[in-house]
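Student: Residues in the sequence shown are numbered consecutively from 1, following the UniProt record's numbering. Every residue gets a Cβ at the ideal spot worked out from N, C-alpha and C, and that includes glycine. Note that the structure is a prediction, hence the values are computed from the model and not measured.
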Amino acid sequence: MRAIFSYAILSAVLLVSVSGCKEDEDSQSVGSESNTVVVEIPFTNTQKGTTKGGVPRINDLKVFFVGDGMIEKVEEITTADITESSATKSFKNIPVSVTDVIIVANSNILGSPDLSDIVEGSPVGDLGKIAFLQSVQANPKSVDNLYGTGVITGTSPARTVSVVLTPVVSRIKIDRIEAKAGDSDGNIALTGFKLTGIYINNTYTELGADYETAPNETTKILNYGSDATKWIDGAYPVRFRNDFFDVTPGTSFVPPADAEWSYYVFPPKSGTGTVIDGKKQGSIPHIILKIEGATTKTGASFPSPVYATVRELKVNDKVLTRLERGKVYSIASLAIGGQHLTPNPEINAADTLFAEATVTSWTEEKVTVGGEESSAFTTSTANSYIVSPGVSDFLIPVFRANLDGISRIGATDELTAELVWTDAANPLTPGSAIQSIGVQGVFLSPALFQR
């Protein structure tokens, strides 16, 4: 059985300290400043039910110092600067006119976005137009582009800026699709149907860092209309669809135990949706359900296929106008009735179909910063322990029957070395350790282990 440690990312918080350094006038121009960047990765307990999200791995950071609407300095932080406790790098000769910092993470390891043209002297607006690609946001448990901005505060020699980095995409997650129960409020209760497809429409395969610079190429815009062949020819973009075959009719459908109906989408600014069938759309991606073999209590049937189109998301009963990057929008249940079904997608039904979602920050069951995935592992027999090497009074008993329910054990202890587990009755006995895993570049607090 697998031991799962659940963490929620508060995001990477970068503290950029700008301190004045008095140096020889030949080595530093008058008015320049010295900067120290400290990267810290804080975590907190995850919210239940979202453990298949991703805590993005940090591999490289591009730091842009901004003043008067211009890029005045470009620097980098690499994995060589990230230790188990912090990441520190000094930046000197930063102009006093610098007021803001913009950071883009993982552009080197992903090969995207292309930042080669963003140099000292570039207008900051050019950075906003660089394109993030949905295709390189690998999956919810791997490397993603991260992005964040911050305003420098304080006075020399103690100027600082805190930049919160979050994934450049949002995630839409559907836990269940089912028939809406009851016959009230105009509902046409379905007694059975086949769910044969889920598609995400009204979205982009790439989007500018300003979240309003949309691509011009039609192949990068998902704005398929009611008569598009993409709904039936199997050519719908793979990363925005799920197709299901050999489906048994039912009234409720959920993903397989080892999978999710989960989709990375860009969260464009309000008013930056696509144009579908000649009509400007909002910024919320559309969820299209393909339904076959639908029947009702009266024995009435529908053509096959029919479609249900979700154009609106609600959170706490409030209709959203846009999504936020780094957020997971979880739909616990998407309930449909016959009144929501149409012969083609993206046309108005007799009743508007809303999806009610809950919002959480990116969450994960593994912790990785610039290294290998490290915090999920398997023990081999009944009694196992996790220990911190060299710390004789730190012992977490773990039983295989309860690996998903590790008790909370403390508030301030840190594991910054490797974790070791063993089947021995006394895990601190020399030679008793069987296997170990490395924890690289992160703080691990036992307060994160929750029942």
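Quick one: measure Cβ to Cβ for F193 and I291, integer angstroms, because I've assumed they're closer than 8 angstroms.
Tutor: Yes, F193 and I291 are in contact; Cβ-Cβ is about 5 angstroms, under 8 angstroms.
Student: Can you name the start and end residues of the beta strand (DSSP E) that S116 belongs to?
Tutor: Taken as a continuous stretch (DSSP letters only), S116 belongs to no beta strand (DSSP E), as it is neither H nor E.
Student: How would you call A198, buried or exposed, if buried means at least 16 neighbouring beta carbons within 10 angstroms?
Tutor: In the sequence as presented, Ala is not what sits at residue 198; that position holds Ile. Under this definition I198 is a buried residue.
Student: Can you give the beta carbon distance from V96 to V163, rounded, assuming they're within the 8 angstroms contact cut?
Tutor: 20 angstroms between Cβ atoms; not a contact.
Student: Rounded to the nearest angstrom, what separates G148 and Q339 at their Cα positions?
Tutor: Distance between the alpha carbons of G148 and Q339 is about 43 angstroms.
Student: Quickly, what does DSSP pair Y329 with across the bridge? List them, please.
Tutor: Y329 pairs with I172, V359.
Student: If contacts are defined as beta-carbon pairs under 8 angstroms, then E76 and K62 qualify, I think. What distance do you get, rounded to the angstrom?
Tutor: 6 angstroms between Cβ atoms; contact.
Student: Cα separation between V315 and N93?
Tutor: Looking at the two C-alpha atoms, the distance is approximately 46 angstroms.
Student: Let me check one thing: in DSSP terms, what residues is K279 bridge-paired to?
Tutor: Partner(s): I276.
Student: Note down, in chain order, each residue of its chain lying with its Cβ closer than 6 angstroms to the Cβ of R311, except the 5 sequence neighbours on either side.
Tutor: H286, listed in sequence order.
Student: Count the other CB atoms within 10 Å of the CB of D246; is the residue buried (16 or more) or exposed (fewer)?
Tutor: Its Cβ having fewer than 16 others within 10 Å, D246 is exposed.
Student: Taking C-alpha atoms, which residue in I172, A181, I130 lies nearest to N201?
Tutor: Ranking the options by Cα distance to N201, first place goes to I172.
Student: Given that a residue counts as buried once 16 or more other Cβ atoms are within 10 Å of its Cβ, and exposed if not, what is P268?
Tutor: By the neighbour-count rule (16 or more Cβ atoms within 10 Å), P268 is buried.
Student: Can you tell me which of L320, I276, G337 puts its alpha carbon nearest to the alpha carbon of A300?
Tutor: Ranking L320, I276, G337 by Cα distance to A300 puts G337 first.
Student: Among P255, T213, L195, which one has its Cα closest to the Cα of T203?
Tutor: Residue T213 is the option with its Cα nearest to T203.
Student: V238 to F91, Cα distance in whole Å?
Tutor: Those two C-alpha atoms are separated by around 43 angstroms.
Student: Can you find the residues in the same chain that come closer than 8 angstroms, C-beta to C-beta, to P113, ignoring five residues on each side of it along the sequence?
Tutor: Excluding residues within five positions, the ones whose Cβ falls inside 8 angstroms are V104, S107, I130, A131, F132, L133, N145, A209.
Student: How big is the Cα-Cα spacing for I58 and V143?
Tutor: Whole-angstrom Cα-Cα distance: 7 angstroms.
Student: Determine the direct distance from the alpha carbon of S262 to that of P389, and round the result to whole angstroms.
Tutor: The predicted position of P389 is uncertain, since its pLDDT is 39 and thus under 50; a value taken from the coordinates is nonetheless stated next. Cα to Cα, P389 sits roughly 38 angstroms from S262.
Student: Where do the ends of the beta strand (DSSP E) carrying N201 lie?
Tutor: Segment 190-201, the beta strand (DSSP E) holding N201.
Student: Closest by CA to G69, which one among P123, A228, L115?
Tutor: Nearest option by C-alpha distance: P123.
Student: So L323 and V265 are supposed to be a Cβ contact under 8 angstroms. How far apart are they, rounded?
Tutor: Right, their Cβ atoms sit about 7 angstroms apart.
Student: When you compare each of L207, D60, S135, A257 to L165 by their alpha carbons, which one comes out closest?
Tutor: The shortest C-alpha separation from L165 is found at D60.
Student: Report yes if the C-beta distance between R191 and T360 is below 8 angstroms; otherwise report no.
Tutor: The residue you asked about is not Arg; residue 191 is Thr in the sequence shown. No; because the gap between Cβ atoms is not below 8 angstroms, this pair is not in contact.
Student: What are the uninterrupted segments assigned as beta strand (DSSP E) that are 3 or more residues long and contained completely in the segment 221-301, given in chain order?
Tutor: Listed in chain order, the complete beta strand (DSSP E) runs (minimum 3 residues) inside the segment 221-301 are 241-243, 261-265, 286-296.
Student: Quick one: grab the DSSP three-state call for N108.
Tutor: In the structure shown, N108 sits in a helix (DSSP, three-state: H, G or I).
Student: Nearest to G150 by alpha carbon, out of E178, P167, V98?
Tutor: Nearest option by C-alpha distance: V98.
Student: Helix, strand or coil for L127 per DSSP?
Tutor: Helix, per DSSP.
Student: Looking at V306 and the ligand NAD, is the gap between the Cβ and the nearest heavy atom below 7 angstroms?
Tutor: The model on display carries no ligand, and the ligand NAD is accordingly not part of it.
Student: Classify D351 as helix, strand or coil using the three-state DSSP reduction.
Tutor: If DSSP states are grouped into helix, strand and coil, D351 belongs with coil.
Student: List the endpoints of the continuous beta strand (DSSP E) containing V310.
Tutor: 306-315 is the span of the beta strand (DSSP E), which, as asked, contains V310.
Student: In the DSSP output, what is E178 paired with across the bridge?
Tutor: Per DSSP, S252, A335.
Student: For T166, which three-state DSSP category applies?
Tutor: Correct three-state label for T166: strand.
Student: Is it right to say P256 is buried, meaning 16 or more other beta carbons lie within 10 angstroms of its own, or is it exposed?
Tutor: Label assigned to P256: exposed.
Student: Quick one: is G326 buried, meaning 16 or more other Cβ sit within 10 Å of its Cβ, or exposed?
Tutor: Per the 10 Å Cβ criterion, buried.
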